[in-house]
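Q: Pasting a structure below so you can have a look.
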Amino acid sequence: MVEMSTQIWRRDLTPLPPHPTLGVAMTTCNGSRFVATQVRSILNQQLPIDELTIGDDDSGDNTVEIVQSLVDDFNRQHPAHPIRLNWRLHRPRIGIRDNFSDAISATTTDVVFLSDQDDEWGPEKTTVLTAALHDAELVHSDAVLTGSDGRPLGNPQRPKTLLRELKASPSELQHLTEGDAFSVLLKRNLITGATVALRGEFARENMPTPPGLLHDEWLAMMAALDGRLRLVQTSVQHPLTYYRQHGGNAVGARKITLRDRWKQLTAGNESDNQRRLTRARSLAQAADTRQLGTPPQRHDLVKALAHQQNRSDLPHHRLARIPGIVAEAIRGNYSRYSRGWLTMIRDLLSA
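Under our numbering, think of the first position of the sequence shown as 17, with each following residue one higher.
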């Protein structure tokens, strides 16, 4: 059943318990350099967690031992509120998408927070995001970017943040804050798993993550189709997440130079095009099979799939691409399902 509020469709939600159980789904792989800082920040939350589920992807260092020792010490010091530590040890490696899918599926709590192995949480993160889930299935926030030493990057009064580095526009931020995320996510994903909290039942129901997507963009679109995704605005002086940048990030945001942007525009990338096509197909199929969202939204996902197929089918030679690019532009597909002129230029130059 769905309801309509200010022209945004929203699925009915069952109220969370007055004191919901809290859990964290974390993935690790050779994370010994930073994992202790991350785990300590999780254990020291003002609103304590109940469960920590960790999917370790065949670490060859002492990541597992570090985490186990920290949790054991915490439980000895807090016998009235011990934390359940649930290990999911994968040998051989299964990759970040399947590792997160497995870890999320293994959680048992009312609320689930997603966590990387190398960040750091502010002490109020569980308090703020749990409260925000009263009318949402998935909530997320911005994050302050830090260097490998944990210090915020940029001006101390205006540090670099994840959404700023992703160049999220005022319009995109407004849509995300107001819970109207679908039109934003049709074009690109702006939700980063390390900043996310979800209702546990919703998270588990939507596992595993299908081909072509990572866990965060998949869960984000599922919540957006329900009208139940929301960006929680926070102060950069009191961030909920410190998002560490270093050479070993599995997924991250780094400063993109003009030279990087030119390379992105001119370098052909068949694997990236194939991933976008697979992503669009997975979303359209899921929405149709499960009758997610509204009929116009399902129609949009079908049209987004056709747009990505048309982009993938563009000829190799640049001049031969022009008619197909112009046709997609006239239909409005670049502005609706991609990033407008930026994607058009990329399609023209990346042959």
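Ideal Cβ placement from N, Cα and C applies to all residues, glycine included.
Go ahead and pull the three-state DSSP assignment for residue 237.
A: Helix.
Q: Taking contact to mean 3 or more Cβ pairs, one atom from each stretch, closer than 8 Å, check whether the stretch 245 to 263 and the stretch 204 to 211 are in contact.
A: Taking 8 Å as the limit for Cβ pairs, the verdict is that the stretch 204 to 211 does touch the stretch 245 to 263.
Q: For a test of the three-state rule: what should DSSP assign to residue 167, helix, strand or coil?
A: If DSSP states are grouped into helix, strand and coil, residue 167 belongs with coil.
Q: Threshold first: 3 residues or longer. Then list the beta strand (DSSP E) segments lying entirely within the stretch 149 to 205, N to C.
A: Runs of the beta strand (DSSP E) inside the stretch 149 to 205: 154 to 157 and 160 to 162.
Q: Just to confirm the assignment, what range does the alpha helix (DSSP H) spanning residue 360 have?
A: That run of the alpha helix (DSSP H) goes 357 to 365.
Q: So, do the stretch 116 to 126 and the stretch 215 to 223 have three or more beta carbon pairs nearer to each other than 8 Å?
A: Verdict: yes, contact present.
Q: Would you tell me roughly how many angstroms separate the C-alpha atoms of residue 45 and residue 76, rounded to the nearest one?
A: For residue 45 and residue 76, the distance between alpha carbons rounds to 8 Å.
Q: Just mark residue 445 as buried or exposed, buried being the case when its beta carbon has 16 or more other beta carbons within 10 Å.
A: Look at the range of the chain in this structure, 17 to 367, and you will see that residue 445 is not part of it.
Q: Distance check for residue 193 and residue 28, CA to CA, integer angstroms please.
A: If I take the Cα positions, the gap works out to 19 Å.
Q: Could you pull the DSSP bridge partners for residue 316 from this structure?
A: None; residue 316 has no bridge partner.
Q: Closer than 6 Å by C-beta to residue 176: which residues in its own chain qualify, once you throw out the five before and the five after it? Chain order, please.
A: Taken in chain order, the residues that qualify are 161, 169 and 170.
Q: Can you tell which of 322, 254 and 79 has its C-alpha closest to the C-alpha of residue 293?
A: The shortest C-alpha separation from residue 293 is found at 322.
Q: Can you give the beta carbon distance from residue 313 to residue 129, rounded, assuming they're within the 8 Å contact cut?
A: Wrong, their Cβ atoms sit about 27 Å apart, outside the cutoff.
Q: So what's residue 130 in DSSP terms, helix, strand or just coil?
A: Of the three classes helix, strand and coil, the one that applies to residue 130 here is strand, per DSSP.
Q: When DSSP labels each residue in this structure, what does residue 137 get in the three-state scheme?
A: Strand.
Q: For a test of the three-state rule: what should DSSP assign to residue 65, helix, strand or coil?
A: Three-state DSSP puts residue 65 in coil, outside helix and strand.
Q: Helix, strand or coil, according to DSSP, for residue 349 in the structure here?
A: The answer is helix: DSSP assigns residue 349 an H, G or I state.
Q: I want to know whether the stretch 104 to 117 touches the stretch 56 to 76 - three or more CB-CB distances under 8 Å.
A: These segments touch.
Q: Quick one: give me the first and last residue of the beta strand (DSSP E) that residue 83 is part of.
A: It is not in any beta strand (DSSP E) - residue 83 instead sits in the alpha helix (DSSP H) that spans 79 to 93.
Q: Quick check on residue 173: buried or exposed, where buried means 16 or more other Cβ atoms within 10 Å of its Cβ?
A: The residue is exposed, with fewer than 16 neighbouring Cβ atoms inside 10 Å.
Q: Assign residue 357 to buried or exposed, taking buried as 16 or more other Cβ atoms, counted over all protein chains shown, within 10 Å of its Cβ.
A: Its Cβ having fewer than 16 others within 10 Å, residue 357 is exposed.
Q: Please report the residue range of the beta strand (DSSP E) in which residue 257 lies.
A: Its beta strand (DSSP E) spans residues 257 to 260.
Q: Distance, Cα to Cα, residue 81 vs residue 34?
A: Distance between the alpha carbons of residue 81 and residue 34: 35 Å.
Q: Indicate the three-state DSSP secondary structure (helix, strand or coil) for residue 288 in the structure shown.
A: Of the three classes helix, strand and coil, the one that applies to residue 288 here is helix, per DSSP.
Q: Taking the Cβ atom as the reference point for each residue, do residue 62 and residue 139 lie within a distance shorter than 8 Å?
A: Closer than 8 Å, so yes.
Q: Hey, how far is the Cα of residue 182 from the Cα of residue 92?
A: Each residue's alpha carbon lies about 42 Å from the other.
Q: Does DSSP put residue 99 in a helix, in a strand, or in coil?
A: If DSSP states are grouped into helix, strand and coil, residue 99 belongs with coil.
Q: Tell me the rounded alpha-carbon separation between residue 274 and residue 338.
A: Here the model assigns residue 274 a pLDDT of 38, short of 50, so the residue's position is not dependable and the matter cannot be decided.
Q: Can a CB atom of chain D be found closer than 8 Å to the CB of residue 54?
A: Among the chains in the structure shown there is no chain D, since it carries only a single protein chain.
Q: Is the beta carbon of residue 104 closer than 8 Å to that of residue 114?
A: It is not a contact, given that the beta carbons lie outside the stated cut-off.
Q: Would you tell me roughly how many angstroms separate the C-alpha atoms of residue 87 and residue 343, rounded to the nearest one?
A: When rounded, the distance between both Cα atoms is 58 Å.
Q: Just to confirm the assignment, what range does the beta strand (DSSP E) spanning residue 252 have?
A: From DSSP, residue 252 is part of no beta strand (DSSP E); its letter is neither H nor E.
Q: Counting only the same chain and skipping the five closest in sequence on each side, list residues whose C-beta sits under 8 Å from that of residue 24.
A: Around residue 24: 194, 195, 196 and 243.
Q: Shortest alpha-carbon distance to residue 178 belongs to which of 252, 79, 225 and 236?
A: Per the Cα distances, 252.
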